[in-house]
Amino acid sequence: MSIHDNEGVKQLLIERVKTSETPRDVLRAPELRKLYSTIGSIPAEERANFGREVNDLKQALEEAITEREAQLDSASVEQLDVTAPWGENASLPSLLPAEHGTHHPLIQELNQVVDIFTRMGFEAVESRQIDDDFHMFEALNFPKDHPARDGYDTFRTEEGYVPPAHTSTMQHRILLDGKARLEAGGDIAAISYGRVFRNEDVDATHEHTFYQVEGVYVSEQANLGQMLGTLRSFFETYYDQELRIKTQPAYFPFVEPGLEFAIEKPAAIGGGPGQWLEMLGCGMIHPNVLEAAGIDSKKYRGFAWGGGVERLVMLKYGIEDLRHFESGKLAFLRKFNT
Ligand code: DAH
């Protein structure tokens, strides 16, 4: 290397290329021009050497520029830096406010649902998102090849696991977990909430992924009257008004009798007399379900219910299309985060 700091200039300019948005401009850098202009004043015996160094420098710069231009090309779609602190990405267009973060509307409502039942004395557990055939069907009194299994449009993994099609998959676990308490003179009172999955065509009222809440109550005296009181009380609290309710018979293998629970659409949200909305399935827990968990069905009885969360929320806010919830559409999400 010559007495001139050509190497230093080279490093400096290459660094500049690597961070520049217009790397080709570096070829016009004053440092480079200064090097050219000094050639004339270099002693003759050093000039050839100096010239070669300057040429090397130019070539190295060209290479760095080509590399940088390719990099800029492939980065022309603005990327979110997911590791950046909150706020770093906030200047990008169309993000929800990043200062505090927000819960998805469904989670906000689900929290309220869980809160109401918790205040009524129910323990709350999140349901599993991967389960098995036993909890999905057998423990719930669906014998093998039972036709009612088909009604659940159940997905399956290659290994034979089941992404649950209803939160009733948690019933057996709730019963096992509460058995000792029950036998010690207490009761079992629990809800389970979470995501469920069905292999269905998606439209305004059907989704492949949605949320359910399941309730289980077992004691020596559990009866339908208590169940209806519990459900009415839940719905009246959630909608913050008095409601008319009714039931009609329905078939689910895990309850006997099985019922559908309906509320009358209140006038306050555009409903009228006789406009019944089915909100969930329920009934007295089938003795086979209790026995599968080792609970004596002669001594104890229970009731259970289960239904979709989206339906509750849609009615509350007049949302007309179920697909909004999973869409990630900001216009929809923002309505809940004013
Ligand atoms: N798991 C049922 C479904 O998704 C709903 C249901 C009906 C749950 C009756 C219950 C019940 O606990 O007792 O269609």
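Heads up: the sequence shown begins at 0 in numbering that gives the first Met the number 0, then just goes up one per residue.
All C-beta atoms, glycine included, are put in the ideal place defined by N, C-alpha and C.
{"Item": "For the alpha helix (DSSP H) holding residue 113, just list the boundary residues, first then last.", "Value": "104-118"}
{"Item": "Any contact between the region 170-180 and the region 151-162? By contact I mean 3 or more CB pairs, one from each, below 8 Å.", "Value": "no"}
{"Item": "Taking 8 Å as the limit between beta carbons, can you name the residues of its chain near residue 198, skipping five residues before and five after?", "Value": "152, 153, 154 and 207"}
{"Item": "Taking the Cβ atom as the reference point for each residue, do residue 229 and residue 238 lie within a distance shorter than 9 Å?", "Value": "no"}
{"Item": "To the nearest angstrom, how far is the alpha carbon of residue 53 from that of residue 80?", "Value": "39 Å"}
{"Item": "What is the DSSP secondary structure of residue 58, counted as helix, strand or coil?", "Value": "helix"}
{"Item": "Do you know offhand how far residue 336's Cα is from residue 327's?", "Value": "14 Å"}
{"Item": "Decide if residue 219 is buried, meaning its Cβ has at least 16 other Cβ atoms within 10 Å, or exposed.", "Value": "exposed"}
{"Item": "Relative to the C-alpha of residue 13, which residue among 60, 28, 20 and 332 is closest?", "Value": "60"}
{"Item": "Run the proximity test for residue 284: is its beta-carbon closer than 8 Å to any non-hydrogen atom belonging to the ligand DAH?", "Value": "yes"}
{"Item": "Go through the region 222-273 residue by residue and report every complete run of the alpha helix (DSSP H) that reaches 4 residues or more, in order.", "Value": "223-238"}
{"Item": "The beta strand (DSSP E) with residue 361 in it runs from where to where?", "Value": "Beyond the ends of the chain as shown, which are 0 and 337, falls residue 361; an answer cannot be given."}
{"Item": "Hey, is the region 125-136 in contact with the region 168-175, meaning 3+ C-beta pairs nearer than 8 Å?", "Value": "yes"}
{"Item": "Classify residue 132 as helix, strand or coil using the three-state DSSP reduction.", "Value": "helix"}
{"Item": "Closer than 8 Å to a non-hydrogen atom of the ligand DAH - does that hold for the CB of residue 105?", "Value": "no"}
{"Item": "Would you identify the three-state DSSP class for residue 24, choosing helix, strand or coil?", "Value": "helix"}
{"Item": "Tell whether a beta-carbon distance below 9 Å holds between residue 341 and residue 274.", "Value": "No information on residue 341 is available, as it lies outside the stretch 0 to 337 that the chain covers here."}
{"Item": "Please classify residue 140 as buried or exposed, where buried requires at least 16 other C-beta atoms within 10 Å of its C-beta.", "Value": "buried"}
{"Item": "On the three-state DSSP scale, how would you describe residue 126?", "Value": "coil"}
{"Item": "What first and last residue would you give for the beta strand (DSSP E) that runs through residue 40?", "Value": "Neither: residue 40 is in no beta strand (DSSP E) and is coded neither H nor E."}
{"Item": "Just confirm the distance between the C-beta atoms of residue 267 and residue 281, as a whole number of angstroms; I'd bet it's less than 8 Å.", "Value": "Actually they do not touch by this definition, with Cβ atoms about 25 Å apart."}
{"Item": "Taking the alpha-carbon of residue 192 as reference, which of 136, 62, 114 and 28 has the nearest alpha-carbon?", "Value": "114"}
{"Item": "State the DSSP-derived secondary structure class of residue 302, mapped to helix, strand or coil.", "Value": "strand"}
{"Item": "Counting C-beta neighbours from all protein chains within 10 Å, is the total for residue 305 16 or more, i.e. buried, or is it exposed?", "Value": "buried"}
{"Item": "Cβ atoms of residue 64 and residue 23: under 9 Å apart, would you say?", "Value": "yes"}
{"Item": "Flag this pair as yes or no: are the beta carbons of residue 301 and residue 289 separated by less than 9 Å?", "Value": "yes"}
{"Item": "Tell me residue 218's beta-bridge partners as DSSP assigns them.", "Value": "300"}
{"Item": "Report the option in 261, 254 and 318 whose CA atom is closest to the CA atom of residue 287.", "Value": "254"}
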